Structure formats: C-alpha cells, structure tokens
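Student: Input: one structure, supplied below.
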Amino acid sequence: MNTQGRKTTPDAETAAGTDVGTYTGNRGLVHEEPLIFELDNPGVTGVDLEAAPAVTSRLGGLKARAGIGLPGLSEPTVVRHYTRLSQKNFGIDSTMYPLGSCTMKHNPRLNEKLARLAGFSDIHPMQPQSTVQGALELIDQLAHWLKTLTGMPAVAMSPAAGAHGELCGLMAIRAALQARGETGRTRVLVPESAHGTNPATAAFCGFTVDAIPAEANGRVSVEAVKAKLGPDVACIMLTNPNTCGLFEPQVKEIADAVHAAGGYFYCDGANYNAIVGRVRPADLGVDAMHINLHKTFSTPHGGGGPGSGPVVLSDALAPYAPLPYVVHGADGLRLVEHAADAEGRPFGRMKAFHGQMGMFVRALAYILSHGADGLRQASSDAVLNANYVKARLQDVMSVPFDGYCMHEALFDDRFLKDTGVTTLDFAKAMIDEGFHPMTMYFPLVVHGAFLIEPTETEPKATLDQFIGAMRHLAGKAKAGDAAHFLAAPRYTPRRRLDETGAARKPVLRWTPPAA
Amino acid sequence: MRYLPLTEADRREMLAAIGAPSVDALFGDVPLAARLDQPIAGLAPHQGELQVERALSRLAARNVPAGSCPSFLGAGAYRHHVPAAVDQLLTRGEFLTSYTPYQPEVTQGTLQYLFEFQTQVALITGMDVANASMYDGATACAEAVLMANRVTRRNRAVLSGGLHPHYREVTATTTGVLGVDLVTLPADPKGIEDLTAAIDDKTSCVVVQNPTLFGHVADLTPLAEACHAKGALLVVVVTEVVSLGLMPSPGSMGADIVVAEGQSIGNGLNFGGPYLGLFATRDKFVRQLPGRLCGETVDADGKRGFVLTLSTREQHIRREKATSNICTNSGLCALAFTMHLSLLGEVGFTGLAQLNHAKAVQLADKLAAAGVTVANDGFFNEFTVKVDGDAAALVDRLADEPLLAGVPVSRFYPGQADLAGLLLVAVTETTTEDDMDALVNALKDLALGGTK
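Protein chains in written order, with full-length UniProt numbering: chain U, 1 to 515; chain D, 1 to 452.
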C-alpha cells in the first residue's frame, strides 16, 4: 500500500472536536489508555517465579545490571491494557477490510488451534531429526501441495515473507546466471505498476532496475518487454494477476520472449489467490514465484506479520534452492543443512532455521479444509465478488480500465474532480461508515487509486452494504459536501493524525518526563 | 464449504448484475492453454474441522515436544514459560486479524503497542531507538552489516567465531550478492579469539555475539573502543534475549547496533519460526534503519496518537533506493514479546534472568561434580560440555529415552574433528532439578565409560 502524495497534516478548520467532554477523557467503550510506562507501579510484577537456587554467580567477572527502567504491572493491569488497545483496532473479525493486494480474508480458528498443538509449537529446531519426523512430514506435505497447485517441480520453504521470497527467487536466478558464466546480466525489468518490494529486492540483490511502462489498458505488452530485453537482462519481475487487478493476457508471450533472450521470469505471487485451482503458474512459463501464505492461504496478518513466503522454482532454478530443505532418506525424512550434503548447489541460507513452521501448519490446514473443490471455489468467488463491486460502482466512481477484473477492482479519482475531496478524504469517510478503507494511491500508474479487494469470505449482504455506502459517499462528494469528508473520521479513537509532524521531529520511544 | 458465504442463488444474482454469462467468463484473459479444467490432482474435496484436526494431530503426535521430557536445547532458540495471558490476549481478533497499521485512526491499538515495544527493546539493549521488528535474529544480523556499511561508507565486516553459524551464513548469503567483504574468524569454542587484530581502516563493523554460541560472556567495552578508534561500528548480537536482564547492556558497553532474537520472550519454539528479530541503534543512525518505525504525534484534536513514520526509508516509497526490501515483519511476535515483557516488568525480567543463570550454574556444578568437563568459566544460561567421542551420536542415543541433551556443535560444523566432542547445553526456568539429574546421570555414565 502506498501513501505517497497524501495530505497528512490536519486542517485547522477541521480540528473542531466532536466530544462533549468527560471527566476521564474516556468515551464509553473507548478508553484513553496510557502507555505501559505511565502505568508503572515500581516493584509490582505480573509473573511469579520460583526462588533461584543459591549459587555463586559465574558471569565471567561481569557485574549484574540494574535499573533497566521497565515498568511494573500486575496481570490484571496488563490484561486490561491490551484489551483496551485491541478495542482501538479494526481487524477482519470486526469489519470488511478490502485492502487491495493484501488479501484480508477470514482467518479460520481451527488453524490457530492446530498451530498450538505441542507437537508443532513446542519442538526445537535443532532437535534430533528422529524426534521431529511429523514436523518434517508436515513441511513435505505442504511443499507437495504448493508444487501441485502451481505445477512447479520444486519449492524453497524457508523465506519468511513475500519480500523475503522475492529475494530468494532473485538469489536463485543470480546463482543460475553465475553457473552459466553470465555475470554480465545485471539488469532486472520491473513494470511501473509493481509493488515497491520488487525494485527494492532487485537492488538489495545487487541488480539495477529498469522500469517497463504500463500500457493504456493497464497491462504489460510483449512489445514493451521486448524493447527492453538484451544480453544484460537477468530477469523480469512481473506480478500476475497484476496490481491493477488484471490478468496479463500476454504473460506466456512475455515469458517466451524473456527466455529467448536468456533471462528468467520471476512472478510476484502476491495475487496468486485469484487463480488457485484455475491456473498453474508453471503453464505460464514462470521460473520462480513466491506464495504469500498470509494472503493466499490465510495465515493471520497479525498487524504486520509474521508472514511466510515459500518460493516455487522451475527445473532451471531448483538446484540453487537455499538451505535447509527436507528430503526423503532411508530412515524417513531428513533435513539437508549443509552444502556438502546437497545434491544441487544451494545459494546459501535465508533465515536462522527451517522456515515459518507456525504458518506452515495453518496453511496446510487451510488447504485440506478447502480441498480441491473449495480452493477453486474460493478463487472463483474472490473474482466474482470483486467484479460485483466493480459492476455496481462503475457508474458513480471512475474506472481506469474497462472489462472484467480478477480479485480486486481498481478505481481512480477522476470522479472526485473539482469536488475538493481526495482519495484520502474519501477513505477517512469510509472509516466513519464502519469499513476499513481500500488500498489507496497504489498502484502508482493510475491517479488517486482506490484498489478494492473484497475477498471470497465476504457475504453478499456485506458487499451490498459496502456498495451502498460507497455510492452514498460518491453522491455526497459530487453534491459538494466536501466538509463531510474533510472532517472524517469522526467516530474513531483518534481523528486524523499529523504524519508530517511525526516525521519532522521523530519521537520513536517513550522517555521519562523531566523531573 | 464453511468459509465461503455465497450461495448458488447469490452467485447467479451477482453474475446477472455484472452482465457475465458465467464465472469462467470472468477469467477470459487467461490463455486457453493455461486454463486448468480438471480438479487438482490427488487433493480430496473439502473436509470438516474434525477430519482436518485428525490428520494434523496425527503428524503432531509423531514429534517429541521439548516440554515432554528433559530438554537442554538452545543454540539460538530457547524454551521459556510464556504466561497464559499472552496467548489469550494475542488471539483477540482485533490484533490477530489486523493488517499493518497504514490507517492510523483505526489501528491505534497496534501502533501504541509498537511504540511500547520499541521503547522496551531500546531499554533492554541500552540503545536509543529500536525498529518495529525484523524476521528473526539472523536476518537482523545481515541487515546490521548492510546498515554499518551505509553509515561508514565502508565494505568490510569482521564476523566473530563466536557468532551463531546460521547467522554467519545468512549474513554471508545476504551481503555476498552485494559484494561485501566478510572476514570470518574460525569457530571459537574457548572464547579466546582476538577480534581487535582483525580491525583496520577499511572495516565497517565487527559483529560479535554475547553470550557466544559456546556460551562465553565478555565485557565488550575494549572491543568497542578498538572499533571506534578505527572508525568502525560495533554490532552486538544477542541470541538469548533473557540474558539482557542480568548482563550489562550492549549499549552500556559501547555497541552501535544491537540485533537480537526475541523468541525467548513471549514466543514458543515453533520448530524455528516464526521468530522475532530485534534491531536497535543510536539516535544518530536512525535514518539508516531498515524496517518499520512507529512514532508519536497528535491528532486533529491535539490528542496524543501514533503513526508509522520515517517511511521515506522504506520500499513502498523509495522503491530501489530503500534501506531494505522488508515489508511484512514479525508484528504478532512483537506483540507477544511486549505483552510478556510487560507482565515481567523490571522485577520479573531481572528475576527471570537471575533464575536462568542460577539454574545453569547449578547444572554446571552438578556436572563438574560428576566428572563431566564444562568448558566455560563464565556463561549466562548455556555452556559447552566436552564429552568423549561424538556428541551427535550421544545426543541421538539419548533422544530415544527421550532426553534432549543439547545441541552438538557438529550440527553446525560437520566434519571438524576438534569440535565433534562439544555439546551445547542450555538451562532455563523450565528446567527442573530432576531434569538436571537425568542429564548428569546420562553424561556421568558416559564419562565413567558406561554403555548407557
């Protein structure tokens, strides 16, 4: 999600408060909750420990530290603190959360329960492998389904998130190029519409980034790619379905052209959830693609992570997959942890241990719960819901690209022209209507973007209410009621926050007040 | 299917509103040859909770949980007791199912705990400022080297032989593609390496772990001085964050960047992930930090509130010029950490560290009394035991009892004969005296030439 170009300083004229005022500052269910440091009651603790055995310290001559400055809180105070904080948050559990590209679908609670089984949650990564055969089998089973669903021959399981998966894919490409003796391939092609992680990853991996312009129809054309190809191109990073919510119709031709020029095709799989069970990336000529388990397979986003980003790999890249990985051996499954034991030529290691096991359990539970029919139905319903939203809003909002979309519907801000209302203002008014806003100002290729991804887990009744609210707001904006938007949000624990001031004079931690 | 709310009637009605003849028509941009018309090979139809739970429970039952037997495993992942309140609060849907707090008015809960988390991390590391988390300690270590290079405009990093080998490998993988010159010292089981000799005018940073992989602890002040004298930064790695409740903080010893694995506080073993990378530094380097930062501000009514800030360092704004490509981090693990540390407080955190250390001393004393060689003088809650023969074979044999005796050093350094007899043994507050006696008996028998 991108916040570029948005106005982040509150206007003085919109600053008039809506509170009638209370003695406590609380407003009914919404409490003014201090920081834990302001709740400090020195000497109090929320944890009772057994008495330490009487021994002579062996700290190697170091003096024990004192006076760290952590606050003292009892368990009831801590429980109330975090309960009150939680009440200041929207989650998928509270409301429709149509953040485009982020895939905020329902998080099944069975998956939470299973990830907490002691056999998964209480095993140490360095246990003897004979004591973790079930865990290795779980990784192997999930790997099997990821390969089957994508049609790809191999998968690297350890990357911790989408961007980490991108890095893994690009490192595999780099290693393959090196093995071919083609170290002069230093350029990576990235469409303008790409997620920011794509160019950042390419640079983080030592490549230079070359942008491919988007066509007027929101797609990348094979001609535009061909115009950029050359003997110094390492790969293309293409998101498909793309960030405009469109399937790239020339994807196979693009893949063939890149391959013919000696490059590889990295597919950003952030939007894979639109096509699971309906399209196999292998059939599109993909060499590497990360799968965000926290999007497509619904492991919880958790306020910003943890994620998990396994990367499926083609035969050309599979030998370079990073350590560690699971193989079938004579005595069951085992981990290959060292290059000397590997059949291929692993490019290295991405992460301290074997991957995001907790996410693997949830993702496998999701796949088995949905089954073959449910996975395909989920993709179909995700696309149906997005098209329904698009169809019912296109007469009152403005659509940059005609035709059907995939799992997300993209609008631009032309419908707000001369209203004095921006995409940001509109988003804040949606909050007052009880919805989390869509992704705004991304992708960069359309002006003032609204990227709406309802996901398949929204019922039609919720979509209808959402559509009704959006139509109501669009009407209000066009009727000249800009004030309604500029003062929004009104019903949140905090009104618009001064982001410019926060960046100008950063306060990044609490410090004790001067005595 | 219980997660899919649309009925067939809904679907028909929606298609009519769209004006599409079928759902398949919506996929019209997909090339014909790439359309999958047969079901996914080998995958059964959807299943109920009961069936899925049965299938996964069967896999879980084939593992030996560390809590089901005496366990002395550490080496970068530690089994601590997490208070019940942590998981109860963590699973509140408003935390669990929220996204990155890009809309601050509806995510003040997430933003406030991130601000509290950053403050706690800064306090325990003795640094000025911390970010909102990284994937794990190893990736944070790699990012620290890249940040030190940006700060110093140099390209050579010295890695201690006491650094966790997985951290070294992740750092080598991550920085290698950028042509960073890594000077890697050999494994240092005795804690005697001389890092100062490796520093020169081209050194961007020295990366040192405290306690080391082998459990040795050190006063890093002289090393910090040696780094600063040459214009290099000191990066301190902490893989057992509970040690910060007892040992002098890295900041007080002169660290410029502190990276740590935060799993020990609030987070389970989870077979290695998800974990929690901590990243702290000095105020003057804040604009070179990777990852998200939460900052304080005011809202339109002048009330205190919190937002993500300094995002011009980040990929979604700066694209190829960002300080890192990281986007999703370890938010929920950071919440678990901050809740556990709030419960502990000053008394609990320092008490927990003392308890860990005292129990480790107790075990070391018991082992020494039984004739087993403990290789360390100083340590926190983990030390190196020297056994006759192959420590890995011993660990495998004891696993059958089951007794998880520790991590053999050869798991990290295969084929190095001088390290084959070394076993890393960790103790936490979860270790009972019975557990200790079980390990002492097993190792004593071996020391006496027994065949157990």
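The beta carbon of each residue, even a glycine, is placed where N, CA and C say it ideally should be.
Nothing here was measured: the structure is a model prediction, and the numbers come from that model.
Which residues, in order along the region 183-194 of chain U, keep a beta-carbon less than 7 Å from a beta-carbon of chain D?
Tutor: Residues: none.
Student: Would you say N26/U reaches chain D, if we count a Cβ-Cβ gap shorter than 7 Å as a contact?
Tutor: Sequence index remark: in the first sequence, residue 26/U carries index 26 (1-based). Not closer than 7 Å to any Cβ of chain D, the Cβ of N26/U fails to qualify, so no.
Student: List the residues that DSSP assigns as beta-bridge partners of V45/D.
Tutor: Within the second sequence, numbered from 1, the residue matching residue 45/D stands at position 45. First, the residue type needs correcting, since residue 45/D is Pro and not Val in the sequence shown. G371/U.
Student: For a contact meaning CB atoms closer than 8 Å, what does L404/D contact in chain U?
Tutor: Locating residue 404/D in the second sequence gives position 404, where the first residue counts as 1. Here the neighbours are H124, Q127, P128 and T131.
Student: Of all the CB atoms in chain D, is at least one closer than 7 Å to the CB of S380/U?
Tutor: On the first sequence, position 380 is the one that residue 380/U refers to. With 7 Å as the cut-off, S380/U counts as an interface residue toward chain D.
Student: Alpha carbon to alpha carbon, how far is M14/D from E8/D? Give it in angstroms, no decimals.
Tutor: As a working note, residue 8/D is residue 8 in the second sequence. As a working note, residue 14/D is residue 14 in the second sequence. Each residue's alpha carbon lies about 10 Å from the other.
Student: Report yes if the C-beta distance between L451/U and M438/U is below 7 Å; otherwise report no.
Tutor: Along the first sequence, one-based indexing puts residue 451/U at 451. Along the first sequence, one-based indexing puts residue 438/U at 438. Yes, they are a contact pair.
Student: With T148/U as the anchor, note down where its alpha helix (DSSP H) starts and where it stops.
Tutor: Taking the first residue of the first sequence as 1, we reach residue 148/U at position 148. Looking at the DSSP string, the run of the alpha helix (DSSP H) that includes T148/U is Q133 to T150.
Student: Any beta carbon from chain A within less than 7 Å of K147/U's own beta carbon?
Tutor: No chain A appears in the structure shown, which is made up of the protein chains U and D.
Student: N155/D and D128/D: beta carbons closer than 7 Å?
Tutor: Walking along the second sequence from the start, residue 155/D turns up at place 155. Walking along the second sequence from the start, residue 128/D turns up at place 128. Going by C-beta atoms, N155/D is not nearer than 7 Å to D128/D.
Student: Which residues in chain D sit within 9 Å of N242/U, going by Cβ to Cβ distance?
Tutor: Taking the first sequence and counting its residues from 1, one reaches residue 242/U at position 242. The contacting residues do not exist; N242/U stays about 10 Å from chain D at best.
Student: Please check the pair V288/U and A172/U, which I expect to be a contact at CB under 8 Å, by giving their CB distance rounded to whole angstroms.
Tutor: Within the first sequence, the letter at position 288 stands for residue 288/U. Within the first sequence, the letter at position 172 stands for residue 172/U. Before going on, a small fix: residue 288/U reads as Ala here, not Val. Right, their Cβ atoms sit about 6 Å apart.
Student: Are any of the Cβ atoms in chain U nearer than 7 Å to that of P31/D?
Tutor: The residue you call residue 31/D lines up with position 31 of the second sequence. It does; some Cβ of chain U falls within 7 Å.
Student: Rounded to a whole number of angstroms, what is the C-alpha to C-alpha distance between A200/U and P53/U?
Tutor: On the first sequence, residue 200/U is found 200 positions in, with the first residue counted as 1. On the first sequence, residue 53/U is found 53 positions in, with the first residue counted as 1. Roughly 51 Å separates the two Cα atoms.
Student: If the cut is a Cβ gap below 8 Å, which residues of chain D does Q87/U touch?
Tutor: Reading the first sequence from its first residue, position 87 is the one you call residue 87/U. Within chain D, the residues near Q87/U are E94 and G109.
Student: Since L56/D and L114/U are thought to touch, with beta carbons under 8 Å apart, how far apart are those beta carbons, to the nearest angstrom?
Tutor: In the second sequence, residue 56/D corresponds to position 56, counting from 1. In the first sequence, residue 114/U corresponds to position 114, counting from 1. That pair is a contact at about 5 Å.
Student: What are the uninterrupted segments assigned as alpha helix (DSSP H) that are 4 or more residues long and contained completely in the UniProt domain "Glycine dehydrogenase C-terminal" (378-476) of chain U, given in chain order?
Tutor: Segments of the alpha helix (DSSP H) lying fully in the UniProt domain "Glycine dehydrogenase C-terminal" (378-476) of chain U: 423-432.
Student: Evaluate the contact criterion for the region 65-78 of chain D versus the region 117-126 of chain U: three or more CB pairs, one atom per stretch, below 8 Å.
Tutor: Touching, yes.
Student: Determine the direct distance from the alpha carbon of R318/D to that of V206/D, and round the result to whole angstroms.
Tutor: Numbered from its first residue, the second sequence carries residue 206/D at position 206. Numbered from its first residue, the second sequence carries residue 318/D at position 318. In a straight line, the C-alpha of V206/D is about 29 Å away from that of R318/D.
Student: Of the residues that make up the region 219-243 of chain U, which ones have a beta carbon closer than 8 Å to any beta carbon in chain D?
Tutor: Listed by position along the chain: nothing, the set is empty.
Student: In chain order, what residues of the same chain have a beta carbon less than 6 Å from the beta carbon of V445/U, not counting five sequence neighbours either side?
Tutor: If you number the first sequence from 1, residue 445/U lands on position 445. Cβ within range, chain order: E192, S193 and A214.
Student: For the region 160-172 of chain D, enumerate the residues whose C-beta is nearer than 8 Å to any C-beta of chain U, in chain order.
Tutor: Against chain U - using a Cβ distance shorter than 8 Å - the residues of the region 160-172 of chain D are H164, H166, Y167, E169, V170 and A172.
Student: Which residue comes first and which comes last in the alpha helix (DSSP H) that contains P199/U?
Tutor: By 1-based counting over the first sequence, the position of residue 199/U is 199. Residues T197 to F204.
Student: Within the region 312-362 of chain D, note down every full alpha helix (DSSP H) run reaching 4 residues or more, in order along the chain.
Tutor: If we require 4 residues or more, the alpha helix (DSSP H) runs fully inside the region 312-362 of chain D come out as 315-318.
Student: If you scan the UniProt domain "Aminotransferase class V" (193-302) of chain U from start to end, which runs of the beta strand (DSSP E) of 3 or more residues do you find wholly inside it?
Tutor: The qualifying runs are 208-212, 233-239, 264-268 and 288-290.
Student: Assess contact between the region 127-147 of chain D and the region 167-186 of chain D, defined as three or more Cβ pairs (one per stretch) separated by less than 8 Å. Is contact present?
Tutor: Yes, the region 127-147 of chain D is in contact with the region 167-186 of chain D.
Student: Is T309/D close to chain U? Criterion is C-beta to C-beta, closer than 7 Å.
Tutor: In the second sequence, counting from the first residue as 1, residue 309/D sits at position 309. For T309/D, the answer is yes, since a Cβ of chain U falls inside 7 Å of its Cβ.
Student: A161/U to D219/D, Cα distance in whole Å?
Tutor: The residue given as residue 161/U occupies position 161 in the first sequence. The residue given as residue 219/D occupies position 219 in the second sequence. Going by the C-alpha atoms only, they are around 36 Å apart.
Student: Which full runs of the beta strand (DSSP E) of 3+ residues lie inside the region 178-206 of chain D, going along the chain?
Tutor: Here the runs fully enclosed are 181-184.
Student: Less than 7 Å between the C-beta atoms of R496/U and T119/D, yes or no?
Tutor: Here residue 496/U refers to the residue found at position 496 when the first sequence is read from its first residue. Here residue 119/D refers to the residue found at position 119 when the second sequence is read from its first residue. Cβ distance not < 7 Å, so R496/U and T119/D don't count as in contact.
Student: Mark residue 510/D as exposed unless 16 or more other C-beta atoms lie within 10 angstroms of its C-beta, in which case mark it buried.
Tutor: Coverage of chain D is limited to positions 1 through 452, which leaves residue 510/D absent and any answer about it impossible.
Student: Quick one: what does DSSP say L177/U is sitting in, helix, strand or coil?
Tutor: If you number the first sequence from 1, residue 177/U lands on position 177. Three-state result, L177/U: helix.
Student: Between S71/D and L355/D, is the Cβ-Cβ spacing less than 7 Å?
Tutor: Here residue 71/D is taken as the residue at index 71 of the second sequence, counted from 1. Here residue 355/D is taken as the residue at index 355 of the second sequence, counted from 1. Going by C-beta atoms, S71/D is not nearer than 7 Å to L355/D.
Student: Would N107/U count as contacting chain D if we go by Cβ distances under 7 Å?
Tutor: One-based indexing of the first sequence puts residue 107/U at position 107. Output row for N107/U: interface = yes.
Student: How about residue 466/D: is its C-beta nearer than 7 Å to some C-beta of chain U?
Tutor: The structure shown does not extend to residue 466/D, since chain D is modelled only from 1 through 452, so no value can be given for it.
Student: Identify, in the order they occur along the chain, each residue of the same chain with its Cβ nearer than 7 Å to the Cβ of R504/U, setting aside the five sequence neighbours on each side.
Tutor: Indexing the first sequence from 1 puts residue 504/U at position 504. Here the set comprises nothing.
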